[in-house]
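So the structure is just underneath, and the comments pick up after that.
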Amino acid sequence: MFIRDTFLEKETTLSFEIFPPKSNETLFNIIEELKNFDPGFISVTYGAGGSSKDRTVEIASIIKNKYSIEALAHLTCITSTKEEIEEVVENLKVNKIENILALRGDIPEKFTIGKEHLYRYGKDLINKLKIDTNLCIGAAAYPEGHNECKDLDMSVRYLKEKVDAGADFLITQLFFDNNNFFKFKEKMYKYNIRVPVTVGIMPAINKILIEKIQKLSGFIIPDKVKNFMNKYENNEEDLKKAGIEYASYQIEELLQNKVEGVHLYTMNKPDIVKSILDNVSFK
751 MFIRDTFLEK
761 ETTLSFEIFP
771 PKSNETLFNI
781 IEELKNFDPG
791 FISVTYGAGG
801 SSKDRTVEIA
811 SIIKNKYSIE
821 ALAHLTCITS
831 TKEEIEEVVE
841 NLKVNKIENI
851 LALRGDIPEK
861 FTIGKEHLYR
871 YGKDLINKLK
881 IDTNLCIGAA
891 AYPEGHNECK
901 DLDMSVRYLK
911 EKVDAGADFL
921 ITQLFFDNNN
931 FFKFKEKMYK
941 YNIRVPVTVG
951 IMPAINKILI
961 EKIQKLSGFI
971 IPDKVKNFMN
981 KYENNEEDLK
991 KAGIEYASYQ
1001 IEELLQNKVE
1011 GVHLYTMNKP
1021 DIVKSILDNV
1031 SFK
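Note that the sequence shown covers residues 751 to 1033 in my numbering.
Written as structure tokens, this is what we have:
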């Protein structure tokens, strides 16, 4: 099933992101727990520089073919050749994976982009996939801009290029200020971007991780979140409680405003997911 069609089935589609764990036993335990929440799909991250591309496809296949949950495989392009991308796409087809999240990806330190790296932006990969495949294509959106583009209007214009190239739906970078997402959605309408958008939510339960991701992508950490992360940085349990409470508040407000989807960055912690979803009401 194409993920774009899942948005037609429910008022709000719930989905999860996981990263490749070291063992299949751990993977099975994670999926078994997440399956209880009836997700529309589960996405599998793609390692920096393509380091886990085979494992990503393997896990996506398990999600789809063992657990009958739609799988979304991440695919980055900036460090990959045309042949490497085509190999991954063929592997997805063989494993009956119908959905792909097309991303530029980060450039590793000391990596040199050569002539063989044809796809420099997400829109380039999306365009290739739209022409060459029948895959349902997701793309990334940045409600608060990105380190490489802080101009929100310019960011939305770049997003429009990805949608025009063939993106079927969008998943946002994590954010902590819902108002910034609502303003971003208004800008999307201004530029006539009408594909479904699912919002990316990560609970702030790990100060080091949140700050690391923030340095890479440039999202805004509001004072309220900074304050509780600083207050509880040496108290794991209290930080967990505060992070869960804030994520629950965020999701509840987003649901009240009729968002099309909520995508939880699980950090492979289904217990945290359960604690959050126990606090909110999906329809």
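Glycine included, C-beta positions come from ideal geometry on N, C-alpha and C.
May I ask you to report which of helix, strand or coil DSSP gives Gly800?
-> The predicted model places Gly800 with a pLDDT of 47, which falls under 50 and marks its position as unreliable; any figure quoted below should be read in that light. Looking at Gly800 - three-state DSSP - the assignment turns out to be helix.
Just how far apart, CA to CA, sit Val1030 and Ile955?
-> 18 Å
Quick one: does Ile792 have its CB under 7 Å from some CB of chain B?
-> Chain labels in this structure do not include chain B; a single protein chain is all it has.
Can you tell which of Asp804, Lys814 and Gly895 has the C-alpha that lies nearest to the C-alpha of Thr826?
-> Asp804
Using the Cα positions of Asn722 and Glu834, report the straight-line distance between them to the nearest angstrom.
-> Nothing can be reported for residue 722, as the shown portion of the chain is limited to 751 through 1033.
Could you give the C-beta distance for Gly872 and Ala891, rounded to a whole number, given that I count them as a contact under 8 Å?
-> With 8 Å as the limit, Gly872 and Ala891 do not qualify as a contact, their Cβ atoms being about 10 Å apart.
Give the straight-line distance between the Cα atoms of Val906 and Tyr941, rounded to the nearest whole angstrom.
-> 8 Å
Less than 8 Å between the CB atoms is what I'm expecting for Ile847 and Ser793, so what's the real figure, rounded?
-> That belief does not hold up - the Cβ atoms of Ile847 and Ser793 are roughly 11 Å apart, past 8 Å.
If you pair each beta-carbon of the stretch 1001-1014 with each one of the stretch 969-977, do three or more pairs fall below 8 Å?
-> no
Buried or exposed (CB count within 10 angstroms, at least 16 for buried), Gly800 = Because the pLDDT of Gly800 is 47, which lies under 50, any placement of that residue in the model is unreliable, and the number read from its coordinates should be weighed accordingly. By the neighbour-count rule (16 or more Cβ atoms within 10 Å), Gly800 is buried.
Phe926, DSSP secondary structure in three states | coil
Identify every residue that forms a DSSP beta bridge with Val1012.
-> Leu764 and Val949
Member of Tyr796, Asn845, Gly790 and His824 whose CA lies at the smallest distance from the CA of Tyr816 = The sequence shown places Lys at residue 816, not Tyr. It is Asn845.
May I ask which residues mark the beginning and end of the beta strand (DSSP E) holding Ser793?
-> Phe791 to Val794
What is the DSSP secondary structure of Ala917, reduced to helix, strand or coil?
-> coil
Beta-ladder partner(s) of Leu851, from DSSP = His824 and Gly888
Straight-line CA distance for Gly950 to Thr795?
-> 14 Å
Apply the 10 Å Cβ neighbour rule to Leu764 and answer buried if 16 or more other Cβ atoms are within range, or exposed otherwise.
-> buried
Does the distance from the CB of His1013 to the CB of Ile943 come in under 7 Å?
-> no
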